[in-house]
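S.K.: A single structure is presented below for examination.
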Amino acid sequence: GVVSGGGADIHAPSAITLGNAGVSSHLQTGATSATAAAATFSQGAQLQEHQRQQQHLQQHLQQHLQHHSQLQERQQQLHHQQLIQPQQQQQKLQHFQQQQQQIQHIQQQRQHIQQQQQQVQQQKQQQQQLQQQQLQQLQQQQQQQPPPPRVDQALLAAEMGKLDKRQREQLVFWARRKPQFALLLSR
1 GVVSGGGADI HAPSAITLGN AGVSSHLQTG ATSATAAAAT FSQGAQLQEH QRQQQHLQQH
61 LQQHLQHHSQ LQERQQQLHH QQLIQPQQQQ QKLQHFQQQQ QQIQHIQQQR QHIQQQQQQV
121 QQQKQQQQQL QQQQLQQLQQ QQQQQPPPPR VDQALLAAEM GKLDKRQREQ LVFWARRKPQ
181 FALLLSR
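For what it's worth, UniProt numbering labels the leading residue of the sequence shown as 1, then goes sequentially.
Structure below.
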């Protein structure tokens with residue numbers, strides 16, 4: 001047989017040639033012993049029966065050996081599993097614990113965010129209440145304060161239909177604070 005690899009041809013004796021040589025030598029030995037046995041017993045049938053029984057015993061022995069080797073492999077696998085399974089279970093347990101810790105951490109983060117949101121809402125409510133209080137105080141002050149005399153003059157001029165520039169500016173100023181002045185400006 002020629003095995004080519006990388007440019008160099010390696011000439012090796014063929015496995016088939018070696019096998020044929022072994023078989024032919026075995027057959028030659030068997031033929032010689034068969035001839036001797038036939039000469040001794042003068043009955044080929046007994047020899048064939050003997051060979052058949054030997055083959056049967058060999059097959060039975062091979063099956064027994066295979067079964068034994070399979071049992072050994074199975075025992076090794078079981079032993080290997082017994083060694084590995086506790087480690088795997090320990091790893092699974094650790095992984096599960098890590099997942100639980102991560103879940104707890106996420107829950108804590110959510111709680112923290114919720115607390116922050118509540119604080120922000122409370123601050124907004126406080127600011128709104130403060131603004132409302134300030135607005136109410138301002139409105140009360142404006143209602144209590146009487147308009148200055150110039151505005152009175154401006155009102156009188158507006159009713160008469162005569163407003164100068166300064167009086168109109170005063171009315172605009174007060175119209176933003178009191179709606180009745182805005183009505184006068186619309187005239």
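Yeah, the Cβ is synthetic: ideal placement off N, Cα and C, and Gly gets one too.
How would you call Gln-170, buried or exposed, if buried means at least 16 neighbouring beta carbons within 10 angstroms?
M.R.: Within the sequence shown, residue 170 is the residue found at index 170, counting from 1. Buried, because 16 or more other Cβ atoms sit within 10 Å of the Cβ of Gln-170.
S.K.: So, helix, strand or coil for Arg-176, using DSSP?
M.R.: Taking the first residue of the sequence shown as position 1, residue 176 is located at position 176. Looking at Arg-176 - three-state DSSP - the assignment turns out to be coil, as it is neither helix nor strand.
S.K.: Are the beta-carbon atoms of Arg-177 and Gln-142 separated by less than 7 Å?
M.R.: The count along the sequence shown starts at 1 and reaches residue 177 at position 177. The count along the sequence shown starts at 1 and reaches residue 142 at position 142. Their beta carbons are under 7 Å apart, which means Arg-177 touches Gln-142 by this criterion.
S.K.: Where residue 201 and Glu-73 are concerned, what is the direct C-alpha to C-alpha distance, given to the nearest angstrom?
M.R.: With the chain covering 1 to 187 only, the question about residue 201 has no answer from this structure.
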